[in-house]
Amino acid sequence: MDTVWEVFHGQSLKEIVDQAHQDMPAPYHASQVSVQYLNKEWVVTVLGELDKEELS
Numbered sequence: 485m486d487t488v489w490e491v492f493h494g495q496s497l498k499e500i501v502d503q504a505h506q507d508m509p510a511p512y513h514a515s516q517v518s519v520q521y522l523n524k525e526w527v528v529t530v531l532g533e534l535d536k537e538e539l540s
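Add 484 to a position in the sequence shown, counting from 1, and you land on the number used in my numbering.
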């Protein structure tokens, strides 16, 4: 399975999560999301995977 990961950070958790979903490269889908609060800002790490159908 092919995977990518993206990291987003900022002050508004809602905006970061929205951005993470919008900026996931096509045809990947978010399979895991990790959220941390570090140094007074939110850090969201998203692991994206290809669907099995996309690999064929």
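For glycine and all other residues, C-beta sits at the position ideal for the given N, C-alpha and C. All figures in this text were calculated on a predicted structure; none of them were measured in a lab.
>> Just list the residues that DSSP pairs Tyr521 with in beta bridges.
In response: Trp526
> Under a three-way DSSP split, which group does Ala510 fall into?
Replying inline: coil
> By Cβ distance below 8 Å, which residues in the same chain neighbour Glu525 in space, the five residues on each side in sequence not counted?
Replying inline: His493, Gly494 and Gln495
>> At the level of alpha carbons, what is the spacing between Asp486 and Glu533?
In response: 6 Å
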